[in-house]
């Protein structure tokens, strides 16, 4: 039997492309995507981007992981330009635009037919199990270059 796996998107020229479809559950009473759901879409796209880059977030959360590092959102800036609606087919484009010792900044653009609907700038911080900032391990940092 062939195993069916979720589609993680693809990376082209340092930009990750993640496709998604808008379902009825994503919309509000006005028939447009509820604003907070765009943050969920961006989170899914970032998770899949890390998966494509070979970063095992689930393994990072393992208490016995010697790297003792995980990712949290430190800042999210969102600019809503146009609404998405039920059954729209969208693409979330994610691009790493800055990397510090303990953080990365990702530009995420949600588009429909190449038209920009939402722009997000998300700063992700690396933290240890104690909740304090921690430098990205070299094995992870190298994947962001």
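Numbering (the numbering used here), first residue to last: 5 to 149.
Glycine included, every Cβ here is placed at the ideal spot set by N, Cα and C.
Only a predicted model underlies this, so the values are computations on that prediction, with no experimental measurement involved.
- In the structure shown, residue 65 adopts coil according to DSSP, grouped into three states.
- Contact between the stretch 11-24 and the stretch 98-108 is present, with at least three C-beta pairs closer than 8 Å.
- Within the stretch 72-137, no run of alpha helix (DSSP H) reaches 4 residues while sitting entirely inside it.
- Here residue 51 has 61 as same chain residues with Cβ atoms under 7 Å from its own Cβ, once five neighbours each way along the sequence are excluded.
- Where residue 51 is concerned, the enclosing alpha helix (DSSP H) starts and stops at 41-56.
- Out of 66, 93, 47, the CA that lies nearest to the CA of residue 115 is found in 93.
- Only exposed fits residue 76, as fewer than 16 other CB atoms lie within 10 angstroms of its CB.
- One thing to note: residue 85 has its Cβ within 7 Å of the Cβ of residue 120.
- If you ignore the 5 residues before and after residue 12, its C-beta comes within less than 6 Å of the C-beta of 52, 55, 56, all in its own chain and listed in chain order.
- Per DSSP, residue 19 lies in no alpha helix (DSSP H); the unbroken beta strand (DSSP E) holding it starts and ends at 19-25.
- For the set 63, 82, 27, 88, the Cα lying nearest the Cα of residue 110 is the one of 82.
- Beta-bridge annotation (DSSP): residue 37 is paired with 31.
- Residue range 14-16 is occupied by the beta strand (DSSP E) that includes residue 15.
- With respect to residue 112, residue 124 sits close: the two C-beta atoms are nearer than 7 Å.
- Annotated three-state conformation of residue 149 is coil, per DSSP.
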